[in-house]
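Since the structure comes first, as structure tokens, the remarks are kept for the end.
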Ligand SMILES: [Zn+2]
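In the numbering used here, the protein residues as written are 2 to 297.
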């Protein structure tokens, strides 16, 4: 619960500076992007000021606000994106810290409209489950908290369409480490797709990993539900952490038999043979359409 904040305000000011430094050093923010907040005792928040690079903050720069975002102390004003943080604290009494950044690869998935929801890495399944995309909303308006509200009840990490990412935790560093996990997952997913596609973990393995959460004491706001690979939308991302996993292991984005058929056809195509080339092109188009459908 919210009352569990025991770290001193002085320490938390230093911790925000350190988290900001890491976000900047890892290239998760450019210019003055991003914002960080943490609960203080007495229904208050300590948060980063607007118009400051997160890589070069000092402890005394932070603002203290109430839970409506009204400034109570500090020389500077809080970020306009604090509205999104306030929504998280309202929805999640178990959460004590919020980190928002624009890590480039996770943000690229958010821009492409591709959620990070495939069963690929054990540590992602156990910690975050899936990372859905909240609808696009104009930054600093009330649209953004509205878009985030739908997912934040059961997710600790959310992509923000055409914007960035949001991670939350019981303390500042757990919220920050989830941001690292989201960006790491995005990087591995992108490269795996460039290399021909991820081999997904099978449903029974996802269920096994989900059951390990209890054993390792990983607190999660929502359970994992299985979404059959290729049938996006079958599971409700707003009520559970929908992870896409096939029934059998080794299922790929482009099934092996289709890829094999394409290779065979390409090998048999002779230069100048229009019929063969048209057939190959049609097959290629079908494969691309299938891949795009799977990605959506
Ligand atoms: Zn932002």
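Ideal Cβ positions, reconstructed from N, Cα and C, are used throughout, including at glycine.
May I ask which residues mark the beginning and end of the alpha helix (DSSP H) holding residue i?
{"i": "residue 211", "result": "204–216"}
{"i": "residue 153", "result": "144–153"}
{"i": "residue 189", "result": "173–195"}
{"i": "residue 17", "result": "10–26"}
{"i": "residue 85", "result": "83–92"}
Only counting the same chain, and skipping five residues up and downstream in sequence, which positions put a Cβ closer than 8 Å to that of residue i?
{"i": "residue 187", "result": "104, 106, 107, 109, 110 and 117"}
{"i": "residue 154", "result": "92, 93, 222, 223 and 239"}
{"i": "residue 122", "result": "186 and 189"}
{"i": "residue 41", "result": "6, 10, 13, 47 and 65"}
{"i": "residue 274", "result": "In this predicted model, residue 274 has a pLDDT of only 47, less than 50, meaning its place in the structure is not dependable; the value taken from the coordinates is given anyway. Around residue 274: no qualifying Cβ."}
{"i": "residue 28", "result": "104 and 105"}
{"i": "residue 140", "result": "81, 82 and 164"}
{"i": "residue 175", "result": "98"}
{"i": "residue 152", "result": "133, 135, 159, 238 and 239"}
{"i": "residue 124", "result": "182"}
For residue i, which residues does DSSP report across the bridge?
{"i": "residue 101", "result": "36 and 167"}
{"i": "residue 67", "result": "45"}
{"i": "residue 228", "result": "245"}
{"i": "residue 132", "result": "117"}
{"i": "residue 74", "result": "65"}
{"i": "residue 158", "result": "168"}
{"i": "residue 79", "result": "50"}
Within 10 angstroms of its Cβ, does residue i collect 16 or more other Cβ (buried), or is it exposed?
{"i": "residue 179", "result": "buried"}
{"i": "residue 68", "result": "exposed"}
{"i": "residue 254", "result": "The pLDDT assigned to residue 254 is 43, lower than 50, so where the model puts this residue is not dependable, and the model offers no usable value."}
{"i": "residue 76", "result": "exposed"}
{"i": "residue 135", "result": "buried"}
{"i": "residue 196", "result": "exposed"}
{"i": "residue 217", "result": "exposed"}
{"i": "residue 1", "result": "Nothing can be reported for residue 1: it is not among the residues displayed for the chain, which extend from 2 to 297."}
{"i": "residue 219", "result": "exposed"}
{"i": "residue 26", "result": "exposed"}
{"i": "residue 166", "result": "buried"}
{"i": "residue 74", "result": "exposed"}
{"i": "residue 156", "result": "buried"}
If I measure Cβ to Cβ from residue i and keep anything under 7 Å in the same chain, skipping five residues before and after, which residues do I get?
{"i": "residue 203", "result": "246, 247, 248, 249 and 250"}
{"i": "residue 72", "result": "64, 66, 78 and 79"}
{"i": "residue 30", "result": "24, 55, 102 and 103"}
{"i": "residue 213", "result": "127"}
Once the 5 residues before and after residue i are set aside, which same chain residues still bring their CB inside 6 Å of it?
{"i": "residue 86", "result": "38 and 99"}
{"i": "residue 36", "result": "49, 80, 82 and 101"}
{"i": "residue 158", "result": "129, 132, 168, 179 and 183"}
{"i": "residue 60", "result": "14, 15 and 18"}
{"i": "residue 164", "result": "none"}
{"i": "residue 211", "result": "225"}
{"i": "residue 58", "result": "18 and 21"}
{"i": "residue 147", "result": "none"}
{"i": "residue 8", "result": "none"}
{"i": "residue 70", "result": "83 and 87"}
{"i": "residue 138", "result": "144, 145 and 148"}
{"i": "residue 177", "result": "20 and 100"}
Could you check how far apart the C-beta atoms of residue i and residue j are, in whole angstroms? I think they sit under 8 Å.
{"i": "residue 150", "j": "residue 206", "result": "Rounded, the Cβ-Cβ distance is 32 Å, inconsistent with contact."}
{"i": "residue 96", "j": "residue 44", "result": "With a Cβ gap of about 14 Å, residue 96 and residue 44 do not count as contacting."}
{"i": "residue 162", "j": "residue 114", "result": "7 Å"}
{"i": "residue 143", "j": "residue 84", "result": "6 Å"}
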